Amino acid sequence: MKPQQPAAPAWANTPKRKNNKRRILIIVGALVVLVIIIVVVVYFAAIKPKSKSGSGSGSGSGKSNGTTTGPTKLFIGKDGDTVTKEDGTSFTYKNRHGGIFVIDPQNPYNDGARPQSWTKALNETWKFGEDKIFGVNLGGWLVPEPFIAPALYEKYFDDPSVVGDEWTLSEAMTKDQAGGGLKQMETHYQTFITEEDFAQIAGAGLNWIRLPVGLNAFGTIEGEPFLANTSWTYVLKAFEWARKYGLRINIDLHTLPGSQNSLNHSGKQGRTAWMTSSMGLVNAQRSMNFMRGVAEFISQPEYKNLVPIFGIANEPQGQDQGNMKAFYYEMYKEIRAITGVGEGKGPYISISDGFQGLGAWETYLTGADRLALDWHVYFAFGADNSPVFGDYPKAPCGAWGVPLNHSLGTFGFTYAGEWSLAFNDCGLYIRDFRKDAQTQGCDPTWTDYEKWTPDTKAQFMTFAKTHMEAIANFFFWTWKTGVSSRTGKISAPMWNYQLGLEQGWIPDDPRTATGTCEAAGAGPKEDQFFNGPLKPWQTGGAGANTFAPEATAGLDWPPPALLSLGSPLPTLTATGPVPMLPTATFPPSATVTEAKGWADPQDKTGAYVPVANCKYPDSWNPTENAMTC
């Protein structure tokens, strides 16, 4: 017999309907509060500016509905959402790293996007020397190269005058009116890189883009065959897409008047006439117009979060070292006059080491406000490159890590603006459009990734990670390489980041590179990694823009060595209209004012233009030493 249970109180036997209603109301109320909290968190964490942001910051709140088709209010997209491009086609945004994209029809300058959960949104302050740049170049897009866009050149392979540069390609296209003429170049701009590439870059764990831009984005002069001005339209598209997916941009002037290095990616192959000829000063002055226009544009509050680095001259080579240092200093002064001095005021000014090595710049302009040094690190073009892998997978740890760490501690912010997985020059058109590789005994396997074994891919994965760890702040060259019309394949796979991701020899999270040098038996060494931080003056803090007299001694502009190249040296006059660049056009839904394209209203000095009624030598191939008036 069970013990008798005490009788339940009378209230326990009453109906529970009213009590259930109370519980339901409490639960519903809690859910409402939770939704409000989530909306507020999203607003303050992803949309509202957090640290020293400009007018490019966003406002309001919203949530994903699975598609970006025709949004009429703020839209925050995430992994799995459908993106509809401007041409009506669509793709699925794939980002396993917690990145979000932002569409704000009312404020196209909204800087709330972030490419990954661990990367700062555009409206948060990037800390150089602390935050890591995981970047990729958009090479071959606005400055075409034969190994990156082979089919573009191969159409004219039977024309011996096409040597692999943009100059002769443009001439061939112009003659080929039946085949589309120079309009073919814009078709390339439209199709080679699209919005989906930017989305994929964010999904690949990358957070920066280096954007090479050619001189023809700013117009052409008589005799230049390039498609004029059009590529600037695609620079603006790059700004729009990068902002949408939270990617920061390092804009790089890749070709300069007269050619800054005579290579096929400098506009015209064969001769260096930029700062090395009787037209050296004229070419430099014209370049200054471009640099000033870009600096004014990207220093606007609407763009300063988006474009924090400005590379003013890609890989100059053959110039007098003193001339280059004087030119860099002149542009430094001009840009800082536009931006002002101090963190957040305009971009870091990036200069190339000019193939001189980092040591040549160790004490250059000590005290400069936010000056960066761009070093391009390639094994492919060394004298000792090899047709076999050998010890290359661990080579970056010492070859790149030690000098970069030293430069970070002396010069200031130093990064690798270009590197690749090529340990030799075996690949279609790597050296030149009409020259074979210099590596002896090139294995054809290196141009045919479909024959790579799992072991080969594993070696490339290690090689990629040792680069990433040793360099720390990097931009891979390049995001993609096109299919050759002659081989029907991608024939430069060691230079293709997108392909490496798809095929499994490049990691989709660069953070996983940490520890690879040690695992490969190449570290860590005490001097191999930078422990930071950078000195205050190097990041726009105390002491920025303060120079000891010896730091600027001998940096007069124009430098005497340049003036001696002509009798008298041809020059331009600063009497033209200011070099203001076109701005983006917004839809009617926008409630913000479009940027004007010019950050400093006090900067009213005219652009450099030819002296009236004077005849100048050819800028690219000068045969005379003087101008005649």
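Every letter in the sequence shown is one number past the one before it in UniProt numbering, and letter 541, counting from 1, is 541.
Think of the CB as a built atom: it goes at the ideal place given N, C-alpha and C, for glycine as much as any other residue.
Keep in mind that this is a model prediction, so the values were computed, not measured.
8 Å Cβ cutoff met for Leu236 and Leu122: Their beta carbons are not under 8 Å apart, which means Leu236 does not touch Leu122 by this criterion.
Any idea which residues DSSP pairs Asp252 with across the strands? By DSSP's assignment, Asp252 forms a beta bridge with Pro212 and Gly311.
Anyone know if the C-beta pair for Trp241 and Gly258 falls short of 8 Å? Their beta carbons are not under 8 Å apart, which means Trp241 does not touch Gly258 by this criterion.
Just to confirm the assignment: which complete beta strand (DSSP E) runs, minimum length 3, are found wholly within the region 85–132? Here the runs fully enclosed are 90–92 and 101–103.
Can you check whether the CB of Gly482 is closer than 8 Å to the CB of Pro146? No, Cβ-Cβ distance for Pro146 and Gly482 is not below 8 Å.
Cβ neighbour criterion (16 or more within 10 Å) applied to Phe355: Exposed, by the Cβ-count rule.
Who are Leu371's beta bridge partners in DSSP? BP columns for Leu371 point to Ile349.
Compute the beta-carbon to beta-carbon distance between Thr456 and Pro387, rounded to the nearest angstrom, for a pair I have assumed lies under 8 Å. Thr456 to Pro387, Cβ: 13 Å. No contact.
Short check: CB of Tyr93 to CB of Ala199, under 8 Å? Yes, these two residues count as a Cβ contact at 8 Å.
Which residues does DSSP list as the beta-bridge partners of Tyr392? Beta-bridge analysis with DSSP links Tyr392 to no other residue.
Touch test, the region 151–163 against the region 569–577, Cβ-Cβ under 8 Å, three pairs minimum: The region 151–163 makes no contact with the region 569–577; the number of CB pairs closer than 8 Å stays below 3.
Leaving out five residues on either side along the sequence, give the residues of the same chain with a beta carbon under 6 Å from the beta carbon of Phe389. Within its own chain, the residues whose Cβ lies closer than 6 Å to the Cβ of Phe389, once the five positions on either side in sequence are excluded, are Gln459, listed in chain order.
Could you tell me the distance, in whole angstroms, from the CA atom of Pro105 to the CA atom of Thr585? Rounded to whole angstroms, Pro105 to Thr585 spans 12 Å at the Cα level.
Buried/exposed call for Arg22, threshold 16 Cβ in 10 Å: Because the pLDDT of Arg22 is 48, which lies under 50, any placement of that residue in the model is unreliable, and the question is left without a value.
For Leu501, which option in Val341, Asn283 and Lys480 has the closest C-alpha, if you only look at C-alpha atoms? In terms of Cα proximity to Leu501, the closest of Val341, Asn283 and Lys480 is Lys480.
Rounded Cβ spacing between Ser278 and Glu624 (contact assumed at less than 8 Å): Going by Cβ atoms, the distance from Ser278 to Glu624 rounds to 7 Å, so yes, they are a contact pair.
From the DSSP output, in three-state form, read off Ile471 for me. Residue state, collapsed to three classes: helix.
Put Asn323 into one of helix, strand or coil per three-state DSSP. When secondary structure is reduced to three states using DSSP, Asn323 falls in the helix class.
Taking contact to mean at least 3 C-beta pairs separated by less than 8 Å, is the region 469–476 in contact with the region 406–425? By the C-beta criterion, the region 469–476 is judged to be in contact with the region 406–425, since at least 3 inter-stretch pairs fall below 8 Å.
If Ala607 and Pro579 are in contact, beta carbons under 8 Å, what's the gap, nearest whole angstrom? The pair is a contact, with the Cβ atoms about 5 Å apart (cut-off 8 Å).
Separation of Lys465 from Thr512, as counted between CA atoms: Between Thr512 and Lys465, the C-alpha separation is close to 8 Å.
From the DSSP output, in three-state form, read off Glu418 for me. Glu418: strand per DSSP, three-state reduction.
Determine the burial state of Asn405: buried for a count of at least 16 other Cβ atoms within 10 Å of its Cβ, exposed for fewer. Label assigned to Asn405: buried.
Can you have a look at Ile221 and say buried or exposed, based on whether 16 or more other CB atoms are within 10 angstroms of its CB? Ile221 should be labelled exposed.
Using three-state DSSP, classify Asp432 as helix, strand or coil. Three-state DSSP puts Asp432 in a strand.
Does the beta-carbon distance from Ile251 to Ile193 come in below 8 Å? Judged by their CB atoms, Ile251 and Ile193 are not nearer to each other than the 8 Å cut-off.
Please say whether Trp167 and Gly246 have beta carbons closer to each other than 8 Å? Not closer than 8 Å, so no.
Segment contact flag, the region 284–296 with the region 205–223, C-beta cutoff 8 Å, min 3 pairs: Touching, yes.
Coil, strand or helix - Tyr616 by DSSP: Note: Tyr616 maps to coil in three-state DSSP.
Flag this pair as yes or no: are the beta carbons of His97 and Gly205 separated by less than 8 Å? Pairing His97 with Gly205 gives a Cβ-Cβ distance under 8 Å.
Are the region 432–451 and the region 329–343 touching by the rule of at least three beta carbon pairs closer than 8 Å? With a cut-off of 8 Å, the region 329–343 and the region 432–451 do not count as touching, because too few Cβ pairs lie within range.
From Leu152, Ala626, Asp197 and Asp369, residue whose alpha carbon lies closest to that of Met331: That would be Asp369, whose Cα lies nearest to the Cα of Met331.
To which residues does DSSP link Asn283 through a beta bridge? BP columns for Asn283 are empty, so no partner.
Alpha carbon of Tyr153 to alpha carbon of Thr363, nearest angstrom: Rounded to whole angstroms, Tyr153 to Thr363 spans 42 Å at the Cα level.
To the nearest angstrom, report how far apart Pro587 and Gly318 are at their CA atoms. About 47 Å.
Asn496 classed as buried or exposed, judged by whether at least 16 other C-beta atoms fall within 10 angstroms: Burial check for Asn496: the Cβ neighbour count within 10 Å reaches 16 or more, so the residue is buried.
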